[in-house]
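Numbering (the working numbering), first residue to last: 2 to 275.
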């Protein structure tokens, strides 16, 4: 039997919202005055985090919603928001009966833009209907449009991924030294994912590898990362046809048009010398 919510004068109902980060961490919160366990997730009591009104429509336009709150809960820190740990996280908002644990899902989507100011944060919630506005038709490009080892590229990521350990770190230069020296030619443009320490689950881009073996990263390092922290390195790809054919032997899956004339051909005109 389907429940009719708010059909009586007194209801044991609270609001919940759940975040599923891209690194696999799931966080739950509720407006109830005590922690609630349901759907296999512990939802922490956090009355300061309240979703605004949720607008839903039967059309194709994206539904709108927003969450506001204070940065008082240990699970959501300003440093984590600034470092991008919550970027693109999946969001679920709904109602829960804190006596029976019966739930009703009101909104499903992802986190959009996040703003922080004076200990307060606000996050735009993008509904799944926003995917209907995405243009599914790829545009031509001289470089490969597929993500390295992703769909379309079809290379096995395990072949180009290795686990290492950090031995030294220079926060000022934003570089790390590893117990093995990665190849500068293959790892430039790759990624480094932290497996241990305070930044575990965070992925950073590799800008370059020096001759001394220092790996320059594109995101700030946490000074609290201990020596010996494990990392997972994945090689990079410059997305050119030459690299795809000679380095990877994967030209059959190249997702680009390097020999297609560009717009400059349309603007050209004959000259006496031609």
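Where a beta carbon is used, it is the ideal one built from N, C-alpha and C, also for glycine.
Counting along the chain, no alpha helix (DSSP H) covers residue 32, and no H or E run does either. Exposure of residue 143 is indicated by the presence of fewer than 16 other C-beta atoms within 10 angstroms of its C-beta.
Within 10 angstroms of the beta-carbon of residue 173 lie fewer than 16 other beta-carbons, which makes it exposed. Assignment of residue 209 by DSSP, reduced to helix, strand and coil, places it in the strand class. Annotated three-state conformation of residue 169 is strand, per DSSP. In this structure, residue 25 keeps its C-beta atom at 8 Å or more from the C-beta atom of residue 44. Here residue 183 is buried, its C-beta having at least 16 other C-beta atoms within 10 Å. Ranked by how close their Cα comes to the Cα of residue 93, the residues 249, 22, 153 and 140 have 22 in first place. Each residue's CA atom was taken as its position, placing residue 98 and residue 210 some 54 Å apart. Annotated as proximal: residue 178 and residue 214, with beta-carbon spacing under 8 Å. Closest in alpha carbon position to residue 84, among 150, 239, 201 and 36, is 201. Three or more Cβ pairs closer than 8 Å define a contact, and the stretch 187-201 meets that threshold against the stretch 217-227.
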